[in-house]
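Taken in order, these protein sequences are the chains called A and B. Heads up: the first sequence begins at 1 in the numbering used here, then just goes up one per residue. Heads up: the second sequence begins at 1001 in the numbering used here, then just goes up one per residue. Beta carbons are placed, not taken as given, at the ideal position from N, Cα and C, and that holds for glycine. Following: one structure in structure tokens, then a few remarks.
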Amino acid sequence: MGKLLAFIARLITGAQGHWQGCPPEALQRIYFANHQSHLDWVLIWASLPGELRSTTRPIAAKDYWTATPLKHWITREVFNAVYVNRTRTDDQDPLEPLQQALAAGDSLVIFPEGTRSNKGEPQAFKSGLYHLAEQFPGVQLVPAWISNVQRVMPKGEVVPVPILCTVTFGAPMHLQDGEDKRAFLERARAAVMALRPVGG
Amino acid sequence: MGFLRRMSTEHQIALLFVIVFGMLVLVTAAAILRSLRDITPEHRQRHERFKRDLRAVWIGMTTFWLAWVSGPLGATLLFGIFSFLALREYITLMHTRRSDHRSLIAAFFVVLPLQYALVGWRTFDLFSVFIPVYVFIAIPVISALAGDPERFLERNAKIQWGIMVCVFGLSHAPALLLLDFRGQEGRGAFLVFFLVIVTGVGQVVQEAMSRWLRRRPVARAISRSFSYRAWWCGSLAGALAGTALYWITPFKPWQAFCMAAIACTAGTLGELVTKALKKDAGVQYWGNQASVTGAVGLLDRIAPLAFAAPVFFHSVRWYFKLTP
């Protein structure tokens, strides 16, 4: 099923991965990228080599992605998603499921903007990436830029149009000693934006 | 040549493939042997380019063979997939707007399959008017219903153009394969082969002549190598190659010359148009190199065929109507 889905994604978007800053390796990583469409995750997933797909997991909002049996099934069985609660409760840290996944050795794909943006430039990054970087210093943080995907499926449409998309992966980065939260998040956002191809 | 004529059509086509693939194997073997020797960087670059072109020829010939082996359904499907990939590449390079979404879905998932279904069913009368007549009105209607007047004409023209070249033009290649002429049943493969060889020779000779003659380019901003004299030479060479191949076609030698000239002219001029298109899209080079958008250069290779195939197809049909 996963193979079929990856094939369809490649047929429609090409899903080409350009590994500019690092080769696709079986290291524990957190990929973070700009977020423009629901397809972003599928695109990153399909552009990874087949053997990395099963250990690289997306984050899914629990209320939305478990609402219908189909959504639940596809996020659980095919993508092996990490579910998070969008509504914050006092007694639980929203990052806890992510920490568990990282502690188990899985790689994650996160979209630090939090929501989909379509203004071209990504919005300010949320602080989750910083906390994860602080708690898991051994995990590589790989920035990625996804281009063209908003043309494949604009907000509100259900059928995707075949248009070629690329995912550009940059050089891995780490939290530097004494770097504070704002500076780190700014640096991470700049790293993602630096990967934007000219004219794309 | 007497024994060749006595063979069945199937056997003749099989022989054609054996000869072509045999030649390809020889050329490839020679290329591999040459690459083993020490060569200068300049030579190496030329060799790399040659290797890429050779690979393209291999892929092209294998496709052609598959199309023939797999019969009507396979040929239609195969060229349908090529059409899909070419149109995908074309649309990627055109900056479409959000409101084009429905038109694009219609182009990819309705027009393209229908056009190839018409080829597969051999309904050639509807096939040749389906896109120029019916789709021509359907696409702007869908677009108008999306309610976005911004650059309306431009956006629709781009989509129409893409459909014409990538779907309509290219679908004539399998149509040629499936078109049965009186007394010539099952010989469509020869016509496709004739078309491909003739346009190929025309292109190669034109390219070589423009380098050798170094004439002033006609349209410098579009192509630095295109000059009328080189173009004449290319077309003439293509036409002569067609004349030499007249025995695999239903034509007499002088008719083969004319048909080849027509196909070759359409192909080489189509290539010029493709270059203009590339410049307009801001891409220097589509082939072989993954560009920003990830376009891999299929459109580049297919465009001359997509321009030459309809012209050739309709010329052939017209010819057979005249000589029942």
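Item, Value
"In DSSP terms, what His18 of chain A is bridged to", "A:Thr168"
"6 Å Cβ shell around Tyr31 of chain A - same chain, five flanking residues per side excluded", "Val109, Val142, Ala144"
"Endpoints, beta strand (DSSP E) assigned at Ser147 of chain A", "140-147"
"Same chain, Cβ closer than 6 Å to Ala9 of chain A, neighbours up to 5 away in sequence not counted", "Ala15, Val42, Ala46"
"Phe136 of chain A versus Ser54 of chain A - alpha carbon distance", "21 Å"
"Environment of Tyr1134 of chain B [buried if 16+ CB atoms lie within 10 Å]", "exposed"
"Sub-9 Å separation of Thr1096 of chain B and Arg1155 of chain B beta-carbons", "yes"
"For Val109 of chain A, the three-state DSSP class (helix, strand or coil)", "strand"
"Residues from the stretch 122-156 of chain A in contact with chain B, defined by Cβ distance under 8 Å", "Ser147, Asn148, Arg151, Pro154"
"Reduced DSSP category for Ile1222 of chain B - H, G, I as helix; E, B as strand; rest coil", "coil"
"Through-space distance from Gly1080 of chain B to Ala1106 of chain B, alpha-carbon basis", "15 Å"
"Option in B:Asp1100, B:Leu1277, B:Val1027 with minimal Cα separation from His1047 of chain B", "B:Val1027"
"Leu39 of chain A beta carbon less than 9 Å from that of Val158 of chain A", "no"
"Where the beta strand (DSSP E) containing Ala60 of chain A begins and where it ends", "56-61"
"Cα-Cα separation, Phe1050 of chain B to Leu185 of chain A", "48 Å"
"Phe7 of chain A burial status per 10 Å Cβ neighbour count (16 or more: buried)", "exposed"
"Closest by C-alpha distance to Glu134 of chain A, when choosing among A:Glu113, A:Asp180, A:Asp93, A:Cys165", "A:Asp180"
"Near-chain A residues of the stretch 1079-1102 of chain B - C-beta to any C-beta below 8 Å", "Phe1084, Leu1087, Arg1088, Glu1089, Ile1091, Thr1092, Thr1096, Arg1098, His1101"
"Residue span of the beta strand (DSSP E) that contains Arg182 of chain A, given as start and end", "No beta strand (DSSP E) holds Arg182 of chain A; the alpha helix (DSSP H) holding it covers 181-193."
"Terminal residues of the beta strand (DSSP E) in which Ile30 of chain A lies", "29-33"
"Meets three-Cβ-pair contact criterion under 8 Å: the stretch 51-68 of chain A and the stretch 102-116 of chain A", "yes"
"Backbone secondary structure at Met173 of chain A - three-state DSSP", "strand"
"Within-9 Å CB hit, Val159 of chain A to chain B", "yes"
"Distance between beta carbons of Ala1146 of chain B and Arg1102 of chain B, contact taken as under 8 Å", "6 Å"
"Under 9 Å by beta carbon: chain A residues contacting Ile1355 of chain B", "With chain B covering only 1001 through 1324, there is no way to say anything about residue 1355 of chain B."
"Contact under 9 Å by Cβ, Val1167 of chain B with Leu1112 of chain B", "yes"
"Buried or exposed by the 16-neighbour rule on C-beta atoms within 10 Å, applied to Glu113 of chain A", "buried"
"Distance between Leu1170 of chain B and Gln1206 of chain B (C-alpha atoms, nearest Å)", "23 Å"
"Cross-strand partners of Tyr83 of chain A (DSSP beta bridge)", "A:Ala60"
"Chain-order list of residues whose beta-carbon lies under 7 Å from that of Phe1251 of chain B (same chain, five-residue window excluded)", "Met1259"
"Positions along the stretch 160-190 of chain A whose CB lies within less than 9 Å of some CB in chain B", "Pro160, Val161, Pro162, Ile163, Leu164, Cys165, Thr166"
"CB of Ala1306 of chain B within 9 Å of CB of Ala1086 of chain B, strictly", "yes"
"Below-9 Å beta-carbon distance, Ile44 of chain A vs any chain B residue", "no"
"Contact with chain A by Phe1109 of chain B, beta-carbon distance below 9 Å", "yes"
"Beta-carbon proximity of Leu1272 of chain B to Tyr1090 of chain B, cut-off 9 Å", "no"
"Beta-carbon proximity check, Phe169 of chain A vs Trp19 of chain A, cutoff 9 Å", "yes"
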